[in-house]
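Worksheet for the structure shown next.
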Amino acid sequence: MTPTYTGVVAMDAERAIGLRGGIPWHLSEDMRLFKRLTMGHPLLMGRKTFESLGRPLPGRQNIVLTRDADYIAPGAQVIHDVEELEDMELMAQEVMVIGGAQIYSLLLPRLTRLHVSLVLGSHEADTFFPEFAHLFASRVVAEQYEQFTHIIYTR
Ligand SMILES: NC(=O)c1ccc[n+]([C@@H]2O[C@H](COP(=O)([O-])OP(=O)(O)OC[C@H]3O[C@@H](n4cnc5c(N)ncnc54)[C@H](OP(=O)(O)O)[C@@H]3O)[C@@H](O)[C@H]2O)c1
6 MTPTYTGVVA
16 MDAERAIGLR
26 GGIPWHLSED
36 MRLFKRLTMG
46 HPLLMGRKTF
56 ESLGRPLPGR
66 QNIVLTRDAD
76 YIAPGAQVIH
86 DVEELEDMEL
96 MAQEVMVIGG
106 AQIYSLLLPR
116 LTRLHVSLVL
126 GSHEADTFFP
136 EFAHLFASRV
146 VAEQYEQFTH
156 IIYTR
């Protein structure tokens with residue numbers, strides 16, 4: 006099964022996504038949206054994001070990318086090259102790319118869809134999503150929440 010890649014990210018208008026290994030805000034509604042979008046799918050994430058989550062996410066196939074040949078991630082599968090995904094047994098064809106910045110940058114050319122939670126306000130941050138808008142032909146506002154807007158970009 007050849008995978009397809011969908012990005013899921015929460016960012017602000019400056020494309021801020023992270024601060025000191027965590028996320029610059031706490032939005033429970035966005036966490037619910039994230040769960041709804043990702044449940045039942047393989048998740049591709051970087052080693053740092055996996056460690057910031059602190060545990061594998063239930064109901065999803067957790068796949069962690071690292072260059073560390075000895076890395077062990079309990080409850081997750083470890084890969085060392087994204088090409089390995091092409092030969093893996095996947096619980097669904099649509100792989101959700103959930104960050105962080107290094108993994109978004111690496112997979113950006115392959116994303117056929119991108120779910121953005123555009124968070125209101127400006128935030129202190131040290132990690133940013135790459136420039137992306139020029140790569141997508143369509144931008145649809147899916148839902149307006151109090152503190153963020155769910156926007157779906159497609160190629
Ligand atoms: N707002 C959001 O939606 C969101 C989502 C996810 C994460 N975040 C935030 O983003 C930050 C983390 O992002 P980050 O960019 O620092 O880290 P990251 O992308 O989560 O992980 C980076 C790690 O992935 C591995 N890696 C990267 N490229 C690789 C490649 N080509 N081949 C093999 N392994 C590779 C390396 O692991 P090794 O060092 O082990 O080799 C690298 O250190 C945190 O603050 C997190 O909270 C925000």
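Using this note's numbering, read the sequence shown as starting at 6 and increasing by one per residue.
Every residue, glycine too, gets a C-beta built ideally from N, C-alpha and C.
Is A15 close to ligand 1? I mean its beta-carbon at under 6 Å from any heavy atom of the ligand.
Using a cutoff of 6 Å, the CB of A15 counts as near ligand 1, since one of the ligand's heavy atoms is closer than that.
Distance check for V14 and G26, CA to CA, integer angstroms please.
Cα to Cα, the separation comes out at about 15 Å.
What distance in whole Å lies between the Cβ atoms of Q66 and M96, which are believed to be in contact at a cut-off of 8 Å?
Contact holds; Cβ gap of about 5 Å.
Report yes or no: do three or more beta-carbon pairs, one from the stretch 63–82 and one from the stretch 37–45, lie closer than 8 Å?
Judged by Cβ distances under 8 Å, the stretch 63–82 makes contact with the stretch 37–45, as three or more pairs qualify.
Quick one: does the C-beta of L125 sit closer than 6 Å to a heavy atom of ligand 1?
For ligand 1, not one heavy atom lies less than 6 Å from the Cβ of L125.
Reduced DSSP secondary structure (H/G/I, E/B, other) of M36
If DSSP states are grouped into helix, strand and coil, M36 belongs with the helices.
With P29 and E129 assumed to form a contact (beta carbons below 8 Å), what rounded beta-carbon distance in angstroms separates them?
Taking C-beta atoms under 8 Å as the contact rule, P29 and E129 qualify, at a distance of about 6 Å.
Whether T132 touches G23 by CB criterion (7 Å):
For the 7 Å CB-CB criterion, T132 and G23 form a contact.
Mapping DSSP to helix, strand and coil, what is E56?
In the structure shown, E56 sits in a helix (DSSP, three-state: H, G or I).
K40 beta carbon near ligand 1 (any heavy atom closer than 6 Å):
No, the beta carbon of K40 sits no closer than 6 Å to any heavy atom of ligand 1.
My assumption, with CB atoms under 8 Å, is that G12 sits in contact with Y109. Please give the rounded CB distance.
Indeed, because the Cβ distance is near 6 Å, the residues count as touching under 8 Å.
Should I108 be counted as a contact of ligand 1 given a C-beta to heavy atom distance under 6 Å?
Checking the Cβ of I108 against ligand 1 gives yes.
Just curious, the beta strand (DSSP E) that A147 is in, first and last residue?
Residues 143–149.
For the beta strand (DSSP E) that contains I156, what are its first and last residues?
Counting along the chain, I156 sits inside the beta strand (DSSP E) bounded by residues 153–159.
Could you have a look at Y10 and say whether DSSP puts it in helix, strand or coil?
Here Y10 sits in strand by DSSP.
What's the gap between the Cα of E99 and the Cα of L111?
Whole-angstrom Cα-Cα distance: 17 Å.
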